[in-house]
Amino acid sequence: MSLLTLSAVNEAIKMSTYGEQSIMLGPLGALVTMHYGLTSAPASQPRNSIFGLMVAGIIAKCISYIPTIYLPVWIRVAVGPSIAIVASLALGIPHPPG
Numbered sequence: 015m016s017l018l019t020l021s022a023v024n025e026a027i028k029m030s031t032y033g034e035q036s037i038m039l040g041p042l043g044a045l046v047t048m049h050y051g052l053t054s055a056p057a058s059q060p061r062n063s064i065f066g067l068m069v070a071g072i073i074a075k076c077i078s079y080i081p082t083i084y085l086p087v088w089i090r091v092a093v094g095p096s097i098a099i100v101a102s103l104a105l106g107i108p109h110p111p112g
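In the working numbering, the protein residues as written are 15 to 112.
Written as structure tokens, this is what we have:
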């Protein structure tokens with residue numbers, strides 16, 4: 015039910031901003047699976063989930079500002095999660111990036 019609600023909110027946001035803004039729904043599906051299915055796993059704890067997604071989001075946003083002439087999109091897809099994994103491990107908040 016919560017993913018259905020988030021999906022509806024995402025569609026409303028996309029419609030009101032003419033497709034320019036949206037919610038990252040992909041990692042939220044995995045996050046819900048971890049929270050409800052793997053409750054005792056260290057990576058599914060709220061601290062790791064919140065800060066891990068925040069670190070990954072910040073890194074993804076920073077990488078998106080690099081012009082494609084220097085870093086093509088197909089390389090960003092591999093480099094972004096790699097840097098996010100290393101950063102979250104270094105910060106002690108391991109969580110699969112979205």
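Even for Gly, the Cβ is constructed at its ideal location relative to N, Cα and C. Predicted, not measured: the structure shown is a model, and the values here were computed from it.
Check	Outcome
Beta-carbon proximity of I73 to A92, cut-off 8 Å	no
Counted within 10 angstroms of its Cβ, other Cβ atoms place L18 as buried (16 or more) or exposed	exposed
Same chain only: Cβ atoms within 6 Å of F65, ignoring 5 sequence neighbours per side	I107
Secondary structure of E25, DSSP reduced to three states	helix
CB of H109 within 8 Å of CB of A57, strictly	yes
Nearest candidate by alpha-carbon position, reference P95, set V69, Q35 and V23	V69
Range of the contiguous alpha helix (DSSP H) that encloses L52	Element bounds for L52: n/a, residue is neither H nor E.
C-alpha gap between I83 and M48, whole angstroms	37 Å
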